[in-house]
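**Q** Chains as they are written, first to last, in the working numbering: chain A, 1 to 113; chain B, 1001 to 1109.
Built from N, CA and C at the ideal position, the CB exists for glycine as well.
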Amino acid sequence: EDKVVQSPLSLVVHEGDTVTLNCSYEVTNFRSLLWYKQEKKAPTFLFMLTSSGIEKKSGRLSSILDKKELFSILNITATQTGDSAIYLCAVDPRFGLGNDMRFGAGTRLTVKP
Amino acid sequence: NAGVTQTPKFQVLKTGQSMTLQCAQDMNHEYMSWYRQDPGMGLRLIHYSVGAGITDQGEVPNGYNVSRSTTEDFPLRLLSAAPSQTSVYFCASYGYGYTFGSGTRLTVV
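(1) Just the C-alpha distance for A/G96 and B/Y1094, rounded to the nearest angstrom, thanks.
(2) With a Cβ-Cβ cutoff of 9 Å, do A/W35 and A/S10 count as a contact?
(3) What in chain A is Cβ-close to B/Y1096, meaning under 8 Å?
(4) Identify, in the order they occur along the chain, each residue of the same chain with its Cβ nearer than 7 Å to the Cβ of A/N22, setting aside the five sequence neighbours on each side.
(5) At a cut of 8 Å, does the stretch 1044-1054 of chain B reach the stretch 1098-1107 of chain B through at least three beta carbon pairs?
(6) Check whether the Cβ of B/Y1064 lies closer than 9 Å to any Cβ atom in chain A.
(7) Can you grab the Cα-Cα spacing for the pair B/W1034 / A/K56, in whole Å?
(8) Using 10 angstroms around the beta-carbon of B/M1027, count the other beta-carbons present and answer buried if the total reaches 16, otherwise exposed.
(9) I need the boundaries of the beta strand (DSSP E) containing B/T1055, first residue and last residue.
(10) Quick one: which chain A residues come within Cβ less than 7 Å of B/G1134?
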């Protein structure tokens, strides 16, 4: 059975800290891994990763995929209170369809001033 | 703004009542889905559609029906609400990754 496991489930840091969120997966026919940020309402798209070793970067956020070891990490540097959210990892086994996408339970990040 | 519009935002139902959650998107996406989100369980797929007139079951379909008469609209129907259906529901359409609606917090008492 396909599964996506995120760790840690919860994390509390102070502003300025750097955090690393983990996502491991076991799926058949892997096509892409996606990261989402969920604040009070709907998840918003962060990154889509399809190839190993290529870092995706957006401001203080970056992510990389290891298809051999079946995991991805999401790094946030110089954290701010606005980074407080649930971060969701999802694996899409059939690129472009989305109907078989599997989500992890999420990591709840709290950034204290 | 383009995106996914989901209504209502909040709803309280009594056990046995029925209701429809509305979802509309204006991005001309073929693929749309309904998810429920429960604490500690992430997002679980209820039903999905790959285009007008085509729907299929996801991971947790029991107690829910969907239809897709147009590309834009994808309503979710609860046939006879049960307390186990208390959850937050998200509609989403798929282009480059998912675009989610703002969610419906449903409580069944």
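**A** Let's see:
(1) Residue placement at A/G96 is poorly supported in this model, since its pLDDT is 49, which falls under 50; the coordinates are not used for a value here.
(2) No, the Cβ-Cβ distance between A/W35 and A/S10 is not below 9 Å.
(3) Near B/Y1096 (Cβ distances below 8 Å), the residues of chain A are F45 and M48.
(4) The residues are Q6, S7, F71 and I73.
(5) With a cut-off of 8 Å, the stretch 1098-1107 of chain B and the stretch 1044-1054 of chain B do not count as touching, because too few Cβ pairs lie within range.
(6) Any Cβ of chain A closer than 9 Å to the Cβ of B/Y1064 would place that residue at the interface, and such an atom is absent.
(7) Cα to Cα, the separation comes out at about 28 Å.
(8) Counting Cβ neighbours within 10 Å, B/M1027 comes out exposed, since fewer than 16 surround it.
(9) I1054 to Q1057 is the extent of the beta strand (DSSP E) around B/T1055.
(10) Residue coverage of chain B in this structure runs from 1001 to 1109, which leaves residue 1134 of chain B outside it and unanswerable.
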